[in-house]
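A.B. asks:
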Amino acid sequence: MDAQEKQKDILISWKEIADYLGFDVRTCQRWEKDSMLPVHRFIDSSKSRVFSYKQDLDAWFERKNQSEIKNRRRYLFFLAPVLALVLIFIFLIRPQMPKNPHDFRIEGSELVVLNKNRKEIWRYDTDIRGLQDEAFYWNHFQFKRRGRGKRQMDLPLIMIIDLNRDGKNEVLFAQTSVDYNYAPSRLFCFSSKGEIRWIFKPGRKMIFGEKQYSSKYQIRGFTVADFNKDRPPEILVISDNIDMFPTQVGVLDNQGSLLREYWNSGRIVDISFWDLDLDGEEEILLAGCNNEYDKGCLIVLEPDFTSGGSPQTGYYKSPGLSQGAEMQYILFPSTDIGNSTFIRDPVFQIRIIEGETISIETKSGLFFEFDFNFVLKEIRFADQFENLYREAYEKGMVSEQFSPHVMAEVRTRLFPEVLYCNGEDWISNPLMAKNKSSAKEKGH
Numbered sequence: 096m097d098a099q100e101k102q103k104d105i106l107i108s109w110k111e112i113a114d115y116l117g118f119d120v121r122t123c124q125r126w127e128k129d130s131m132l133p134v135h136r137f138i139d140s141s142k143s144r145v146f147s148y149k150q151d152l153d154a155w156f157e158r159k160n161q162s163e164i165k166n167r168r169r170y171l172f173f174l175a176p177v178l179a180l181v182l183i184f185i186f187l188i189r190p191q192m193p194k195n196p197h198d199f200r201i202e203g204s205e206l207v208v209l210n211k212n213r214k215e216i217w218r219y220d221t222d223i224r225g226l227q228d229e230a231f232y233w234n235h236f237q238f239k240r241r242g243r244g245k246r247q248m249d250l251p252l253i254m255i256i257d258l259n260r261d262g263k264n265e266v267l268f269a270q271t272s273v274d275y276n277y278a279p280s281r282l283f284c285f286s287s288k289g290e291i292r293w294i295f296k297p298g299r300k301m302i303f304g305e306k307q308y309s310s311k312y313q314i315r316g317f318t319v320a321d322f323n324k325d326r327p328p329e330i331l332v333i334s335d336n337i338d339m340f341p342t343q344v345g346v347l348d349n350q351g352s353l354l355r356e357y358w359n360s361g362r363i364v365d366i367s368f369w370d371l372d373l374d375g376e377e378e379i380l381l382a383g384c385n386n387e388y389d390k391g392c393l394i395v396l397e398p399d400f401t402s403g404g405s406p407q408t409g410y411y412k413s414p415g416l417s418q419g420a421e422m423q424y425i426l427f428p429s430t431d432i433g434n435s436t437f438i439r440d441p442v443f444q445i446r447i448i449e450g451e452t453i454s455i456e457t458k459s460g461l462f463f464e465f466d467f468n469f470v471l472k473e474i475r476f477a478d479q480f481e482n483l484y485r486e487a488y489e490k491g492m493v494s495e496q497f498s499p500h501v502m503a504e505v506r507t508r509l510f511p512e513v514l515y516c517n518g519e520d521w522i523s524n525p526l527m528a529k530n531k532s533s534a535k536e537k538g539h
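In the numbering used here, each residue carries its 1-based index in the sequence shown increased by 95.
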């Protein structure tokens, strides 16, 4: 390089060097100290006067960039496995948010399904403006229970259960509205991911007497049962026509198909299961009322009962239904005390006591206790009935004041008024032959 070219190539101050490199003076001075930036000083001047050659700076800068690239690659080489370990921890080692349904909320028209930590998993919008609220559904969640301030039992309208026995919970949800006419009920089965598995529409148009009843039904409640413990569970759904009757008791398989049904000319308000004859299969006990006879009733069905209807005549009988193959159909006597307060004084609760007694309670507070052969053993009076009797006496509805003697007379009168259906007539003694085999023969 001749003197003239070299002179063009020289930078003679920190400012020129900094401008050429595109950085500030302080950075260039730091590079001279830490990274051997090729800067020279004039011998015949103070140490503050510096110079450098462009070609030297270019060569140094290129080496610096290559070194940084190598360092960056080395950093990435070591960073990659670290990131991989972090990802493994996040997706494999760290516990995932539970996805199995466990709980629920109701928000307006929406069902919100939660995991065990009460975190939202999914939601479903029913599009029903009058969907029952969360407090209502909490009284009908998972198990039969007594609502606050109520004597009557509330049957489930929402259950979270492993219906298919695959380790993942399904959600069974009975869509019910405060306005029965606006939105008749449906029973939904959702997968654990919120997919609709099936929908059951209860009831249908039915003729009783000469009247046709609409297809609008409201689900009163349902339950899941495994009657013989060796097959997929079944769902028993109780649904009321929005008129006074009938009530459908439908048994579904776990795919939502209707297997069999029983129709009662009156409301069914409680249900229980018990292996009464110790044969390994649980019988179905239904409690409610019979509209034709204006009395409370108890219905006992074998688990694989033949479809049919309650024993009725005239206006309350459906020409399209054969008589049901009940193991027992029992009517309970009404009293002036009960009738003065309750329509038909229905049976509203079934209890199995100590595995040997069936206790039936009417809404007026009468207890009827049977053994497992349905022989009536005792009639007792709850405080409810005694209070109603005292009120009736004060109003002049009964002539005798309440006393143990009067209650004993009432008990004696009621015993023979408990009636059992033998298929044709009502009799005052249970049919001992009215067992499973005879019920099946009657159904065929």
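All C-beta atoms, glycine included, are put in the ideal place defined by N, C-alpha and C.
Excluding five sequence neighbours on each side, which residues of the same chain lie with their C-beta closer than 7 Å to the C-beta of M502?
C.D. replies: Taking the sequence shown and counting its residues from 1, the one referred to as residue 502 is at position 407. If we look at M502 and ignore the five residues flanking it on each side, its Cβ neighbours are F476.
A.B. asks: Please look up how many angstroms separate the CB atoms of L282 and F317, rounded, as I've assumed it's under 8 Å.
C.D. replies: Sequence index remark: in the sequence shown, residue 282 carries index 187 (1-based). Sequence index remark: in the sequence shown, residue 317 carries index 222 (1-based). Their Cβ separation, rounded to whole angstroms, is 7 Å, which keeps L282 and F317 in contact under 8 Å.
A.B. asks: Within its chain, find whatever has a CB closer than 7 Å to the CB of P414; leave out the 5 residues flanking it on each side and keep chain order.
C.D. replies: Position 319 of the sequence shown, counted from the start, is the residue given in the question as residue 414. I302, listed in sequence order.
A.B. asks: From what residue to what residue does the alpha helix (DSSP H) around R125 run?
C.D. replies: Working through the sequence shown from its first residue, we reach residue 125 at position 30. Note, R125: alpha helix (DSSP H), 120-130.
A.B. asks: What separation, rounded to the nearest whole angstrom, lies between the Cα atoms of L252 and Q418?
C.D. replies: As a first step, residue 252 must be located in the sequence shown, where it is residue number 157. As a first step, residue 418 must be located in the sequence shown, where it is residue number 323. Cα to Cα, the separation comes out at about 29 Å.
A.B. asks: Do the region 385-395 and the region 360-376 make contact, defined as three or more Cβ pairs closer than 8 Å?
C.D. replies: yes
A.B. asks: Should the region 487-494 be called in touch with the region 425-435, which here means at least 3 C-beta pairs below 8 Å?
C.D. replies: Segments in contact, yes.
A.B. asks: Hey, could you find the ends of the alpha helix (DSSP H) Y232 is sitting in?
C.D. replies: Counting from 1 along the sequence shown, the entry for residue 232 is found at position 137. Start and end: 229-233.
A.B. asks: Report the option in T408, I447, L267 whose CA atom is closest to the CA atom of I294.
C.D. replies: Numbered from its first residue, the sequence shown carries residue 294 at position 199. Among T408, I447, L267, the Cα nearest to that of I294 belongs to L267.
A.B. asks: Between the Cα of G345 and the Cα atoms of Y312, G117, D338, which residue gives the shortest distance?
C.D. replies: As a working note, residue 345 is residue 250 in the sequence shown. Nearest C-alpha to G345: Y312.
A.B. asks: Between D520, L461, E290, N468, which has its C-alpha nearest V505's C-alpha?
C.D. replies: Here the question's residue 505 lines up with position 410 in the sequence shown. The residue with the shortest Cα to Cα distance from V505 is L461.
A.B. asks: Should R218 and L206 be called a contact, given that it needs their Cβ atoms to be closer than 8 Å?
C.D. replies: Position 123 of the sequence shown, counted from the first residue, corresponds to residue 218. Position 111 of the sequence shown, counted from the first residue, corresponds to residue 206. It is a contact, given that the beta carbons lie within the stated cut-off.
A.B. asks: Am I right that A269 and S280 are in contact with their C-beta atoms under 8 Å? What's the rounded C-beta distance?
C.D. replies: Walking along the sequence shown from the start, residue 269 turns up at place 174. Walking along the sequence shown from the start, residue 280 turns up at place 185. Indeed they touch by this definition, with Cβ atoms about 6 Å apart.
A.B. asks: So Y357 is in the beta strand (DSSP E); what residue range does that whole segment cover?
C.D. replies: Working through the sequence shown from its first residue, we reach residue 357 at position 262. Element bounds for Y357: 353-359.
A.B. asks: Going along the chain, which residues of its own chain have a beta-carbon closer than 8 Å to the beta-carbon of Y148, five neighbours each way excluded?
C.D. replies: What you label residue 148 is simply residue 53 of the sequence shown in a count that begins at 1. If we look at Y148 and ignore the five residues flanking it on each side, its Cβ neighbours are K101, D104, I105, L106, P133.
A.B. asks: So, for K306: in the same chain, excluding its five sequence neighbours on each side, which residues have a beta-carbon less than 8 Å away from its beta-carbon?
C.D. replies: Counting from one through the sequence shown, the residue named residue 306 turns up at place 211. Same-chain partners within the cutoff: Y410.
A.B. asks: Let me check one thing: in DSSP terms, what residues is H135 bridge-paired to?
C.D. replies: As a first step, residue 135 is located in the sequence shown; it is residue number 40 there, counting from the start. The partner list for H135 (beta bridge, DSSP) reads F146.
A.B. asks: What are the uninterrupted segments assigned as alpha helix (DSSP H) that are 4 or more residues long and contained completely in the region 382-437, given in chain order?
C.D. replies: 431-434
A.B. asks: Distance, Cα to Cα, M96 vs R121?
C.D. replies: In the sequence shown, residue 96 corresponds to position 1, counting from 1. In the sequence shown, residue 121 corresponds to position 26, counting from 1. The predicted model places M96 with a pLDDT of 49, which falls under 50 and marks its position as unreliable; any figure quoted below should be read in that light. If I take the Cα positions, the gap works out to 31 Å.
A.B. asks: Pick out whichever of Y424, A113, H500, N210 has its Cα sitting closest to the Cα of Y388.
C.D. replies: Looking up residue 388 in the sequence shown gives position 293. Ranking Y424, A113, H500, N210 by Cα distance to Y388 puts Y424 first.
A.B. asks: Run the CB neighbour count on S523, radius 10 Å, all protein chains shown included, and call it buried at 16 or more, exposed below.
C.D. replies: On the sequence shown, position 428 is the one that residue 523 refers to. With fewer than 16 other Cβ atoms within 10 Å, it is exposed.
A.B. asks: From what residue to what residue does the alpha helix (DSSP H) around M254 run?
C.D. replies: Walking along the sequence shown from the start, residue 254 turns up at place 159. Looking at the DSSP string, M254 is not in any alpha helix (DSSP H); the run it does join, the beta strand (DSSP E), is 253-256.
A.B. asks: If you measure between the beta carbons of G381 and W369, is that distance less than 8 Å?
C.D. replies: Within the sequence shown, the letter at position 286 stands for residue 381. Within the sequence shown, the letter at position 274 stands for residue 369. Just to set this straight, residue 381 is Leu in the shown sequence, not Gly. Not closer than 8 Å, so no.
A.B. asks: Across which residues does DSSP place L526 in a beta bridge pair?
C.D. replies: Against the sequence shown, residue 526 aligns to sequence position 431. Residue pairing by DSSP places L526 in no beta bridge whatsoever.
A.B. asks: Alpha carbon to alpha carbon, what distance is there between V513 and L483?
C.D. replies: The residue you call residue 483 lines up with position 388 of the sequence shown. The residue you call residue 513 lines up with position 418 of the sequence shown. The straight-line gap separating the alpha-carbon atoms of L483 and V513 is approximately 21 Å.
A.B. asks: With a CB to CB cut of under 7 Å and the five nearest residues on each side skipped, what residues in its chain are close to W155?
C.D. replies: On the sequence shown, position 60 is the one that residue 155 refers to. The residues are L132, P133.
A.B. asks: Could you tell me the alpha carbon to alpha carbon distance between K211 and I255, rounded to whole angstroms?
C.D. replies: Within the sequence shown, residue 211 is the residue found at index 116, counting from 1. Within the sequence shown, residue 255 is the residue found at index 160, counting from 1. For K211 and I255, the distance between alpha carbons rounds to 12 Å.
A.B. asks: Please work out which residues of its chain come closer than 7 Å, Cβ to Cβ, to R200, disregarding the five sequence neighbours upstream and downstream, and give them in chain order.
C.D. replies: By one-based count along the sequence shown, residue 200 stands at place 105. Taken in chain order, the residues that qualify are V207, L209, E229.
A.B. asks: Assuming F480 is part of the alpha helix (DSSP H), what are its boundary residues?
C.D. replies: For the purposes of this step, residue 480 is identified with residue 385 of the sequence shown, where counting begins at 1. That run of the alpha helix (DSSP H) goes 478-489.
A.B. asks: Starting from I223 and walking both ways along the beta strand (DSSP E), at which residues does that stretch end?
C.D. replies: One-based indexing of the sequence shown puts residue 223 at position 128. Counting along the chain, I223 falls outside any beta strand (DSSP E), and DSSP gives it neither H nor E.
A.B. asks: Quick one: what does DSSP say A278 is sitting in, helix, strand or coil?
C.D. replies: Position 183 of the sequence shown, counting from 1, holds the residue named residue 278. A278 falls in the coil class under three-state DSSP.
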